[in-house]
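Just so we're aligned: 361 in the numbering used here is position 358 of the sequence shown, and the numbers increase by one with no gaps anywhere. No residue lacks a Cβ here, since even glycine has one placed at the ideal position from N, Cα and C. Bear in mind the structure is a predicted one, so any value in this text is a computation, not a measurement. Each remark here refers to the structure printed beneath this line.
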Amino acid sequence: LGMDRVAAKLVEHMALDGADAAPSVIGVFGRWGSGKTHLLNEIGRYLDTVEPSMGSDSARLAVCCFRSWEYEAEGDLAAGMVRALGDERNYPWRGTKPDFSSIRIGRRSVGCAARELGMLVLKSAARSVPHIGPAIAEVLAILDRAKGKEDEELGLCPTATEALHQQMQQLVDGIVGKHGHLVVLVDDLDRCSPPNMVRLFEWFKNHLTCDRVTYILGLDHRMAALAIRGEYEQHLRGGDELMADYGYRYLDKLLELDFEIQPTPGVQPMALDKLDLAFETVRRYTDDALGRDFAGDREIDELLARVPAVWIPRVMIKTIQTYKIALDALLEQAKSTPQLLTSDLAPSFPYWLFLLSMLHHLFAPDEVETFADRRRDDHHPAVRELAGGLDHTDPRSSLKDALGDPGPERPARNQMNYLYRLVREKTPIAFEREVL
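Here it is in structure tokens:
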């Protein structure tokens, strides 16, 4: 899908060399299932092959993976991320994995320093604590112990913010050296609760952006903008237009640069290959499974070409997987009831089985059930009810045009209900039982 090219272009914009590399936060945008995790992994693999000139033999390039969803239950993602920096298990690429056994930060190991700082972040960030004076004092005390007597004046930070920032910079210097660079790949952020997500944004903005650190955030920016709007809504004054725009402007200020993954119809052969189906198209796979052409085979090709919502990699993979299992179950049932394929079902049943498999992963099951339960002559109203209320920017809205043409003959209601039951149950089912 060209993710390697996107990864290479993104790395081009990262200042990996030199002691003065400014901190940066880069966004990787995409809808659910669009391949953000895959792109982050491609970035890690690409960085594992580059050899930036660090200007010092002790400098290192390190790439850490922070899977934010794993820390959702802890209540503060910033504290979890700091601790993750000190765990060598979060550095999966050998060429960018620091030797934690040889690194000391003051008298502490990297893991110990990260855990201590993580606890301080957790205490300082706790909004439910009315007085954080003790936490500030603890920050200053640890700074003083870590820096040594010759740098005692550095422990006299006027604010907790500066204390935390210095401690964070010290941790980064320990991991990558004074001239090295740390890249943190932050994944699954849009799966976290809105308060946790926005709080981490605030920490990026105020505390965690240190020299020679690049954060790359994989998220659905639409969900992130809604979360930001929800968290700050009570503090804003203005009309609906201002409220809708605020989340995007917040992200625009936070991020130095963003890359967005756009859907592409080329995802179909990738999904078939991932599912070990040696066919270029779903149509060819279906012909092979049935041993013949079927009514509606051309319309499957057109459906896949005209509905961008199914071009999202995870949607395509799950749709084809569901379709295959449901079709296998139907063919298994046909062994004992041969009339299932010759008279019980309309000749176009494979098209409708695939369509229902796709809708099952795009809409709520009850909505698809209502669509399937329509009378044969109610097809167009059913399509309008399913996709008519969607904004034109929603890729699912294209169903109104893709399903607006007559297309293959729509099966009778009992046949459609039988097909959708196959999609949901994925086991052989007697058609007569569905009729009853």
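In terms of residues, what are the limits of the alpha helix (DSSP H) holding residue 50? 39 to 50
By DSSP's criteria, residue 67 is part of a beta bridge. Which residues make up the other side? 187
By Cβ distance below 7 Å, which residues in the same chain neighbour residue 116 in space, the five residues on each side in sequence not counted? 89, 108, 174 and 177
Could you check what DSSP says for residue 333 in three-state terms: helix, strand or coil? helix
Have a look at residue 180 and residue 98 and give me their C-alpha separation to the nearest angstrom. 16 Å
Mind checking residue 35: buried by the 16 CB within 10 Å criterion, or exposed? exposed
Buried or exposed for residue 295, going by 16 or more other Cβ atoms inside 10 Å? exposed
Using beta-carbon positions only, say whether residue 274 and residue 320 come within less than 9 Å of one another. yes
Contact set for residue 72: own chain, Cβ-Cβ below 7 Å, skip 5 residues either direction: 191, 194 and 195
Residue range of the unbroken beta strand (DSSP E) whose run includes residue 370: First-last for residue 370: 368 to 375, but that is the alpha helix (DSSP H), not the beta strand (DSSP E).
What are the boundary residues of the beta strand (DSSP E) that residue 221 is part of? 216 to 222
Which residues in the same chain have their Cβ closer than 7 Å to the Cβ of residue 253, if we skip the five residues on either side of it in sequence? 231
Residues that residue 106 bridges to, as DSSP identifies them: The partner list for residue 106 (beta bridge, DSSP) is empty, contrary to what the question assumes.
Label residue 364 either buried or exposed according to how many other C-beta atoms from any shown protein chain fall within 10 Å of its C-beta, with 16 as the threshold for buried. buried
Using the C-alpha atoms, what's the distance from residue 256 back to residue 28? 10 Å
In whole angstroms, what separates the C-alpha of residue 207 from that of residue 293? 55 Å
Quick test of your reading: residue 289 and residue 341, contact by CB under 8 Å. State the CB separation rounded to the nearest angstrom. Wrong, their Cβ atoms sit about 19 Å apart, outside the cutoff.
Over what stretch of residues does the alpha helix (DSSP H) that includes residue 260 continue unbroken? Premise fails: residue 260 lies in the beta strand (DSSP E), 260 to 263, not in any alpha helix (DSSP H).
State whether the segment 376 to 393 contacts the segment 318 to 334, with contact taken as three or more CB pairs (one from each stretch) at a distance under 8 Å. no
Could you give the residue range of the beta strand (DSSP E) that holds residue 30? 27 to 32
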